[in-house]
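Just so you know, the sequences run in chain order A and B.
229 is the number that this note's numbering gives to position 229 of the first sequence; each next residue is one higher, with no gaps.
67 is the number that this note's numbering gives to position 67 of the second sequence; each next residue is one higher, with no gaps.
Heads up, the beta-carbon is just placed ideally off N, CA and C, and yes, glycines get one too.
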Amino acid sequence: MSLLKRVMSGALMVSCFLTGHLWAAEAEYSKLNLRPGVTENSQRVFDLHMEVVWIMFAVAGLVFAAILYSVIRFRKSKNPTPAKFSHSTTLEIIWTVIPMLILIYLTKPAIELLLDMEDTSKADMTVKVNGIRWKWEYTYLDEGFSFVSELSTPESQYKDYARTGTEKGENYLLEVNNEVVLPVGKKIRFLLTSKDVIHSWWMPDFAVKMDAIPGFINETWTKIEKPGVYRGVCAELCGELHGFMPIVVRAVPQAEYDQWVAQKLEEKAEAERLAAEAAAKSWSMDDLMAEGKRVYEQKCQVCHQASGEGLGAFPALKGSAVATQGPADDHARLVIYGRGMMQAFGTELTDAEIAAVVTYERNAWGNDTGEMIQPGRVSELKAGN
Amino acid sequence: MAHGHHPTGIKRWLFTTNHKDIGSMYLWFSFTMFLIGGAMALGIRLELFQPGLQFWEPNFFNTLTTMHGLIMVFGAVMPAFVGLANWLIPMQIGAPDMALPRMNNFSFWILPFAFTLLLLSLVTPLFPDGAPNFGWTFYAPLSTKFGPASTDFFIFGVHLMGISSIMGAINVIVTVMNMRAPGMSLMKMPMFVWTWVITAFLLIMVMPVLAGAVTMMLTDRHFGTSFFDAAGGGDPVMFQHIFWFFGHPEVYIMILPAFGIASHIIPTFSRKPLFGYASMVYATASIAFLSFVVWAHHMFTVGMPVAGELYFMIATMIIAVPTGVKIFNWVATMWQGSITFETPMLFALAFVVLFTLGGVSGVMLAMTPVDKQYHDTYFVVAHFHYVLFPGAIFGTIAAVYYWLPKWTGNMYNETLGKVHFWFSIIAVNLTFFPMHFSGLAGMQRRVPDYNMMFEGFNQLSSIGAFMLGFSQLLFLYLVINCIRGGKGKATDRVWEGAEGLEFTHLPSPAPYHSFEQAPEVK
């Protein structure tokens, strides 16, 4: 295999040279081929891939050589009188049996590898991955905390409708606000599910791609061997911003991981304390509006738009019945529990954040209902009162 | 002539029951859809020319990929093959017409209405939340709970297309089973007829499955059922099983007739009989049978039990064997032949070579552990465009060049035909070959934007796509030019090495009612 690999990388370099500057600059990853990745299985997947590539090159090469030979040697000018033969049982048997043997040869390593890839037993830790249009929620089940991770590339970098070209960072569309931190050398089990449609959690460097399906839980696993930052994407079409929900994993040594977990737990305790404080106090209209605007821009704007006018399937809030006519309680319930395409935010936002965003939506863009709702009321609504 | 009376003008086309008229309408309809679907593909390639969103909102981009797929599959490829079947099957089996001419008329005239329904979804005032945007595979719950209002138009459009296909398939089977000339036993049938009969059985088996899938979508959307919603006891993955139980045979529906076409053109221009006729028939039948038992290889990442994954991997790999047999037989047909390279032969050769490429990437995709990396990337897009464009489309183009002189009585412009070929083959590779690389390097399907590391390959693909699209206008010109006289009269035999009743027993152009008296086949 190592000889094959050397030949392959040689061939790639030649093609890089031939195709000029477009791919001449060699980055972290091959721009032409699968990556060997940083786990034992990703390396095995890569090796199997290369093996199949070469066998398939050979098969196609033989066929093409025979065609080329026929086209040159048996053209009418070279071979004016065609032969008359039209069948040969021996040949038919040969070219039925040989491909079968090749396939049997390929099947064996594939079966072994697949059985290992599907063996999620004896994991050291478990992370739950929840796909939500268009972000990922990660829950560390053993440690007991969770966070949401979404695209951090600003809109100004990808919205180029003026066609003037925008400045783009190196990890354009492959960067997130909250990286998933995982320890190296540990068998990590992932449990995947989804809140809305089918997503697919794909991390090329781990050779892990698993669908996140609403109402079901899928399992997969990895064991990262090398510390580093690894980038992946959602691979299953999940709607408008399917191309904008990347995955970033930072793999670190165990000690660093433990430190990160401790920090996360501290942040969690602090956030809970602040949330409780915020929920207990009575907010002024101005405070609710300011906080509501912040939450709206972060969570709601992508669908309902900054103008509150909605877009396509996403309804307008400006002047809508929910935001201007119906009671504030119903409006808050909709944010807490979701409806149809609308995501349920009850667990993702704190009571104060929900109260603020509902108040904001009832008073922004000329909705001007003058009504506000306090975090305490949201808490009651959550409890079903 | 006993059947000399036929209406003229629009009535001729509306009420015709003639297999040639209906065949022509199918082919023109298909070409129109090919241009519409192609324009959408160019819209996709325009946006993907460089990173960043320059032209379309992401949602409209998803609409483009969805409509491109649906229109090409159901509007361009399938009607093209039915059109060819209409034109050729009666002439090839020595019959005057198709067995069920009125149904033939009906099955065509359903199509314009089906596609009007589908295309109406693009009219913004009717559907402010847009046209179908969930991919041509319309996975639930993206298409059910989250589909736009126009999804219902899509559902009824698909129902109509399915009815049309089933009627076309019934017509082919009834015609071939009952109207063959005396002496033409099954194992003497031309390969195109064989491949189409097998295709027709596939259609009759799977189109009702598709109809079931969209009906379940409809009731999930409006009548409170939960076939595909786990919250009500259903299963979104079941949708994929049902869809691909239709979808995989559908893939072969789109390629088997092209196999048949190549099996006519290659012997003609090699001046040598088709090598291994019987094994070609058995290989086609095996491929068709296997197509029913491999569907879940499209779903290796949904979390199937490992035993299921192993079974679907092995069953899928077996398909390579009969497919290989067909390719080897074509090569053996050329071996020691006396080959010339008229345009149909060039397209048929390109078909064999490029279909082989699509075939070997297919073997790679069959292997479950590596497929989990390839799945839903541009590698898959490269693979299926290699079997569909140089496969189904080149097959159809080759057939049109090959039989056009028989249909019109005129020769097309050979020089321009070759220009069309060279533009097409360069462009098709420029468009789709780089997609192998961008897919392997990590670019996922169905995204309007990407990281800069994929820019080079996407630019090549976009340039190739525009070249490919516009060079098909040359084909349009060539066909119209040929109908209007072209490069002079064609002989009855048309090609030196041509075999088959349509060349040996019929004049060029072929008479309106092909064979008024059945020929004797020895």
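Neighbour flag for residue i against chain A, beta carbons, 8 Å
i	result
Val521/B	no
Ile265/B	no
Pro236/B	yes
Val302/B	yes
Phe154/B	no
Tyr402/B	no
Met1/B	For Met1/B, the pLDDT reaches just 44, beneath the cut-off of 50, and the residue's location in the model is therefore unreliable, leaving the point undetermined.
Phe389/B	no
Ala427/B	no
When the options are compared against residue i, the one with the closest alpha-carbon
i	options	result
Asp258/A	Gly232/A, Gly243/A, Lys186/A	Lys186/A
Leu346/B	Trp109/B, Ile110/B, His420/B	His420/B
Ser70/A	Val251/B, Phe259/B, Gly439/B, Leu349/B	Leu349/B
Gly162/B	Val193/B, Phe239/B, Pro148/B, Val82/B	Val82/B
Ala66/A	Gly409/B, Ala427/B, Tyr402/B, Val331/B	Val331/B
Met167/B	Phe115/B, Met78/B, Gly147/B, Met187/B	Met78/B
Gln343/A	Asp492/B, Lys145/B, Phe34/B, Ile426/B	Lys145/B
Trp403/B	Ser361/B, Leu474/B, Thr491/B, Phe384/B	Thr491/B
Glu137/A	Trp260/A, Glu380/A, Thr347/A	Thr347/A
Phe432/B	Met254/B, Ala230/B, Ala441/B, His383/B	His383/B
Phe201/B	Leu160/B, His241/B, Phe246/B	Phe246/B
Trp422/B	Thr137/B, Thr301/B, Thr343/B	Thr343/B
Ala211/B	Ala230/B, Gly442/B, Ser165/B	Ser165/B
Heavy atom of the ligand SAH within 7 Å of residue i beta-carbon
i	result
Tyr337/A	The model depicted lacks the ligand SAH and carries no ligand whatsoever.
Unbroken beta strand (DSSP E) run spanning residue i, endpoints
i	result
Asp211/A	208–212
Val148/A	145–149
Arg362/A	No beta strand (DSSP E) contains Arg362/A, which is instead part of the alpha helix (DSSP H) from 351–363.
Trp202/A	199–203
Trp221/A	218–222
Glu137/A	135–140
Pro183/A	180–183
Met125/A	125–132
Ser194/A	188–194
C-beta neighbour in chain B for residue i, strict 8 Å
i	result
Asn130/A	no
Glu240/A	yes
Gly384/A	no
Ser86/A	yes
Leu182/A	no
Ile198/A	yes
Gly370/A	no
Gly312/A	yes
Trp95/A	yes
Residue i versus residue j: straight-line alpha-carbon distance, rounded
i	j	result
Phe113/B	Gly157/B	8 Å
Glu47/B	Phe55/B	6 Å
Phe61/B	Val357/A	31 Å
Ile89/B	Lys188/B	14 Å
Glu118/A	Ala352/A	43 Å
Val14/A	Asn410/B	Residue confidence is low: Val14/A scores 49 on pLDDT, short of 50, so the model does not pin down where it sits. No coordinate-derived value is stated.
Ser150/B	Ala465/B	29 Å
Tyr401/B	Phe289/B	31 Å
Tyr282/B	Val321/B	12 Å
Lys11/B	Asn105/B	12 Å
Arg333/A	Lys382/A	8 Å
Val181/A	Val233/A	16 Å
Ala58/A	Leu174/A	36 Å
Thr66/B	Asp196/A	20 Å
Val249/A	Phe147/A	13 Å
Opening and closing residue of the alpha helix (DSSP H) in which residue i lies
i	result
Glu167/A	No alpha helix (DSSP H) holds Glu167/A; DSSP gives it neither H nor E.
Ser77/A	Counting along the chain, Ser77/A falls outside any alpha helix (DSSP H), and DSSP gives it neither H nor E.
Pro101/B	101–120
Note down, in chain order, all residues in the stretch 153–164 of chain A with a beta-carbon under 7 Å from any beta-carbon belonging to chain B.
Those residues of the stretch 153–164 of chain A that come within reach of chain B (Cβ to Cβ, closer than 7 Å) are Tyr158, Lys159, Asp160, Tyr161, Arg163.
Using a Cβ-Cβ cutoff of 9 Å, what residues of the stretch 325–355 of chain B are near chain A? List them in chain order.
So the close ones are Val325, Ile327, Phe328, Asn329, Trp330, Val331, Ala332, Thr333, Met334, Trp335, Gln336, Gly337, Ser338, Ile339, Thr340, Phe341, Leu349, Val352, Val353.
Against chain A, which members of the stretch 123–147 of chain B pass a CB distance test of less than 8 Å?
Those residues of the stretch 123–147 of chain B that come within reach of chain A (Cβ to Cβ, closer than 8 Å) are Pro128, Asp129, Gly130, Asn133, Phe134, Gly135, Tyr139, Pro141, Leu142, Lys145, Phe146.
The stretch 110–144 of chain A: which residues have C-beta closer than 7 Å to a C-beta of chain B, in chain order?
Answer in chain order: Ala110, Ile111, Leu113, Leu114, Leu115, Met117, Glu118.
Short-range partners of chain B found in the stretch 28–42 of chain A, where Cβ spacing is below 7 Å
Those would be Tyr29, Ser30, Lys31, Leu32, Asn33, Leu34, in chain order.
Which residues, in order along the stretch 258–270 of chain A, keep a beta-carbon less than 7 Å from a beta-carbon of chain B?
Taking 7 Å as the Cβ-Cβ cut-off against chain B, none of the residues of the stretch 258–270 of chain A qualify.
Under 7 Å (Cβ pairs) to chain A, residues found in the stretch 224–253 of chain B
Cβ contacts with chain A come from Ala230, Ala231, Pro236, Val237.
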